[in-house]
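This report refers to the structure that appears directly beneath it.
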Amino acid sequence: MVRLPERISTIMTKVPGDGDIVRVARDVYAVSGSNTNWVIVKDGDSCTLVDAGYPGDRAAVLASLRAVGLHPGAVTALLVTHAHNDHIGAAEHLRTVYDVPVLMHEEEVPHARRDFLDQVSVGKVLAQAWRPGVLPWAVHALRAGGTAHVPVSEPRAFPSAGPLDLPGGPVPLHTPGHTRGHCAYHLPGSGILITGDALVTAHPTSRTSGPQLLPTMFHTDRSRALVSLDVLEEVDAEILLPGHGPVHHGAAKEATATARDRASARV
2 MVRLPERIST IMTKVPGDGD IVRVARDVYA VSGSNTNWVI VKDGDSCTLV DAGYPGDRAA
62 VLASLRAVGL HPGAVTALLV THAHNDHIGA AEHLRTVYDV PVLMHEEEVP HARRDFLDQV
122 SVGKVLAQAW RPGVLPWAVH ALRAGGTAHV PVSEPRAFPS AGPLDLPGGP VPLHTPGHTR
182 GHCAYHLPGS GILITGDALV TAHPTSRTSG PQLLPTMFHT DRSRALVSLD VLEEVDAEIL
242 LPGHGPVHHG AAKEATATAR DRASARV
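Numbers in my numbering are just positions in the sequence shown, counted from 1, shifted up by 1.
If you want it as structure tokens, here you go:
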């Protein structure tokens, strides 16, 4: 039986249940938390972790590692797709308690440190509150720590270009638009593309299911987010693991075409 760490007080927490951890390849697991996902890429007794949920998902992140047979200290590195609160919630805890390096694109480093916050504002959310799904999502995000102050004190840029010397051999793909330093990660040996928020398959504020961009209010630069689909389109992958929504089985080229068409239809 998994023994859970002390939960974060005042913030809603979630721990993985049946169906929250999906094995998508021999050593790759997609985990769903509080309306956001993270990925565990195992290699024996170690792993690469991609993203770390909301602050309220901290217990769930640690429990998901234990559920696949790993101690949190076995995380070789935490790769961040981008530094929004729903993706770095457990990052500083992993860094300080387990000495896990937190890596990301160089343009995302100051964002993770919270030199600035490039995240949808409460005002923008309230302006869209009349749209279906926005208000329930906003309440949930607040309870999960969406506006908490969770900087990463010592974020690091990738040490070199190309594949990283980490479990799974992930290849960072700079896909700006959602944030300036947003990165997707390709796992060439598994045929998997971790898309983060550059391409999702669902979101509580969207009435659409399947490959899509997030609604406009969530992007720093929507036009760049559209251009970044060109980067994902060229990746040889048949399984897509988004930051929000279920696993997508299908070619990256087809998924990005669908997302592009849907984005055009919303303009």
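A virtual CB, placed ideally from N, CA and C, is assigned to each residue, including glycine. Since the model is a prediction, treat every value here as computed from it, not as a measurement.
Item, Value
"Test item: CB-CB of Pro152 and Pro205 under 8 Å", "no"
"Under 8 Å between C-beta atoms of Val25 and Ile193", "yes"
"As assigned by DSSP and simplified to three states, the class of Val232", "helix"
"Exposed unless 16 or more other CB atoms sit within 10 angstroms - verdict on Thr180", "buried"
"Complete alpha helix (DSSP H) runs within the stretch 149-230 (minimum length 4 residues, chain order)", "none"
"CA nearest to the CA of His150, picked from Gly178, Arg115 and Gly124", "Arg115"
"CB contact check: Gly178 to chain C, cutoff 8 Å", "Here chain C cannot be found, since the structure has a single protein chain."
"Cβ contact check for the stretch 53-61 and the stretch 166-178: 3 or more pairs under 8 Å", "no"
"Range covered by the beta strand (DSSP E) that runs through Asn38", "Asn38 to Asp44"
"Local Cβ density within 10 Å of Val268, reported as buried at 16 or more and exposed below that", "Low confidence applies here, because Val268 scores a pLDDT of 49, under 50, leaving its location unreliable and the question unanswered by this model."
"Identity of the residues DSSP links to Val126 by a beta bridge", "Answer is none; Val126 lacks a bridge partner."
"Exposure of Trp131, with buried meaning 16 or more beta-carbon neighbours within 10 Å", "exposed"
"Cα-Cα separation, Gln213 to Leu200", "6 Å"
"Which listed residue (Asp28, Ser65 and Val101) has its alpha carbon closest to that of Glu190", "Position check: residue 190 holds Gly in this sequence, whereas Glu was assumed. Among Asp28, Ser65 and Val101, the Cα nearest to that of Gly190 is on Asp28."
"Helix, strand or coil at Arg261 according to DSSP, with G and I counted as helix", "helix"
"Residues of its chain near Arg263, where Cβ-Cβ distance is below 7 Å and the 5 sequence neighbours each way are ignored", "Thr209 and Gln213"
"Contact set for Glu7: own chain, Cβ-Cβ below 7 Å, skip 5 residues either direction", "Bear in mind that a pLDDT of 31 at Glu7, under 50, signals an unreliable position, so the model cannot answer this."
"Residue interval of the beta strand (DSSP E) (run including Val76)", "Val76 to Leu80"
"Cβ-Cβ distance between Ser154 and Glu93 below 8 Å", "yes"
"Closest Cα partner of Lys43 within the set Thr37, Leu66 and Ser33", "Leu66"
"Local conformation of His249 per DSSP, three classes", "strand"
"Three-state class that DSSP yields for Pro102 in the structure shown", "coil"
"6 Å CB neighbourhood of Leu167 in its chain, flanking five on each side removed", "Thr49, Thr77 and Ala78"
"For His249, the nearest candidate out of Thr259, Ile240 and Tyr99 (CA to CA)", "Ile240"
"Own chain residues within Cβ distance below 6 Å of Val232, not counting five before or after", "Leu174 and Thr176"
"Nonlocal neighbours in the same chain, by C-beta distance under 7 Å from Gly246, ignoring five residues either side", "Val201, Thr202, Ala203 and His204"
"Check whether Thr217 and Arg225 have beta carbons under 8 Å apart", "no"
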